[in-house]
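Quick note, the sequence shown lines up with residues 1 to 277 if you use our numbering.
All C-beta atoms, glycine included, are put in the ideal place defined by N, C-alpha and C.
Nothing here was measured: the structure is a model prediction, and the numbers come from that model.
Working notes, structure below.
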Amino acid sequence: MSNGATVEPVIEVHGLWTVFGEYVVHRDLELTVMPGEIVSLVGGSGSGKTTLMRQILGLENPHRGSIKVFGIPLQGSHPALLKKIRRRWGVLFQEGALYSALPVFENIALPLRELRAFDEGFIHDMVMLKLDMVDIERRHAWKMPSDLSGGMIKRIALARALVLEPELLFLDEPTAGLDPDRSESFVRLIQSLQAKLGFTVIMVTHDLDTLVSLSDRVAVLAEQKILFYGSLAEVVAVGHPFVKNFFLGERGLRALAAAPEQMYVPAQTVIRNSSGG
Ligand SMILES: Nc1ncnc2c1ncn2[C@@H]1O[C@H](COP(=O)(O)OP(=O)(O)O)[C@@H](O)[C@H]1O
Ligand SMILES: [Mg+2]
1 MSNGATVEPV IEVHGLWTVF GEYVVHRDLE LTVMPGEIVS LVGGSGSGKT TLMRQILGLE
61 NPHRGSIKVF GIPLQGSHPA LLKKIRRRWG VLFQEGALYS ALPVFENIAL PLRELRAFDE
121 GFIHDMVMLK LDMVDIERRH AWKMPSDLSG GMIKRIALAR ALVLEPELLF LDEPTAGLDP
181 DRSESFVRLI QSLQAKLGFT VIMVTHDLDT LVSLSDRVAV LAEQKILFYG SLAEVVAVGH
241 PFVKNFFLGE RGLRALAAAP EQMYVPAQTV IRNSSGG
């Protein structure tokens, strides 16, 4: 690599093995994400995408290998240090959208309350600012999640993920369950917030339109590792069956036709990890 500046990666996964019983999910997996990047993680169902996110969040234990986030190793670091780094990321997972028993306000306030460091006035202001940020009117603050549309729930969950002003955002299938229009407007929201705030994003998505609009780099999880990692154009050019199926079906080609031109300027060298061993 000929990186002139010494910018530290936000995420560094090295030689990762994830094993459930006899079942090997990740075998010697490598992944590096640089600050400000939007990296999409794609792979077949059950290939280990969510588990990889959970590893990076410190929710699973590597069988072997190491994971660093913000340069700090997740394995062997002091719990107080790990707690500190958890404050520096936000998570938007498909399942854990919102707590149904809490109004919008309390859902967004939750990460702030957990820190026990802010007074009520500050929490109120922060929640309202985050509602503004995701284009939800403040009058919805005291509504219950069941009174809201799927698109609004996603925006509010995003507001909660961003309430601690994270440097890193995890998104697992952010547009799943949204119709194409809502999905497109949610993608535009993520894009504009990322451009404004500059956070790093790692995202799992099956949705090609989402992937094409947002990704700086695409990581393909197949054969238990990140088999290909590069710009969309680079990844699409490899001959792997998963890639062909995923990108070069009718829907894929349509999404790719709408890709911004800069995606076709190879920014980095595609990494081809051999699948031997
Ligand atoms: N806690 C667990 N115990 C046993 N197997 C698991 C556990 N979590 C995930 N798996 C298995 O690991 C594989 C990868 O799962 P997952 O990461 O959810 O896939 P993806 O998100 O790519 O669809 C699946 O076969 C799943 O059944
Ligand atoms: Mg998953």
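For W89, the number of other beta carbons within 10 angstroms of its own is at least 16, and it is reported as buried. Spanning the alpha carbons of L214 and L112 requires a straight line of approximately 28 Å. Your pair A159 and L197 does not check out as a contact, with CB atoms roughly 13 Å apart and the cut at 8 Å. Residue pairing by DSSP places L169 opposite G90, V201 in a beta bridge. Counting along the chain, the unbroken beta strand (DSSP E) around L31 starts and ends at 23-33. At least one heavy atom of ligand 1 falls within 6 Å of the beta-carbon of K49. Three or more beta-carbon pairs separated by less than 8 Å are not found between the stretch 198-213 and the stretch 123-141, which leaves the two stretches without contact.
Nearest C-alpha to I11 among S47, K49, L57: L57. When distances are taken from the beta-carbon of F20 to the heavy atoms of ligand 1, the shortest one is below 6 Å.
When distances are taken from the beta-carbon of S45 to the heavy atoms of ligand 1, the shortest one is below 6 Å. Non-local C-beta neighbours of G43 in its own chain, meaning closer than 8 Å and more than five positions away in sequence, comprise K49, V220, L221, A222, F242, ordered along the chain.
With contacts defined as CB atoms closer than 7 Å, V19 and H63 qualify as a contacting pair. Judged by their CB atoms, F105 and A157 are not nearer to each other than the 7 Å cut-off. It is roughly 8 Å from the alpha-carbon of V238 to the alpha-carbon of F228. Relative to ligand 1, the beta carbon of V25 is positioned inside 6 Å of a heavy atom.
Here the alpha carbon of V134 sits roughly 13 Å from the alpha carbon of E165. With respect to the 7 Å criterion, V218 and L232 are classified as neighbours on the basis of their beta carbons.
Per DSSP, the beta bridge partners of L41 are V204, A219. Only residues of its own chain outside the window of five on either side were considered, and among them V201, L214, S215, D216 have a CB closer than 6 Å to the CB of I38, listed in chain order. Here the C-alpha atom of I108 lies approximately 17 Å from the C-alpha atom of L189. Bounds of the alpha helix (DSSP H) holding T50 are 49-56. Under the criterion of beta carbons closer than 8 Å, M34 and V7 qualify as touching, at roughly 6 Å. DSSP places I156 inside the alpha helix (DSSP H), whose first and last residues are 150-162.
F70: not part of any alpha helix (DSSP H); DSSP gives it neither H nor E.
Rounded to the nearest whole angstrom, the C-alpha separation of A101 and S146 is 9 Å.
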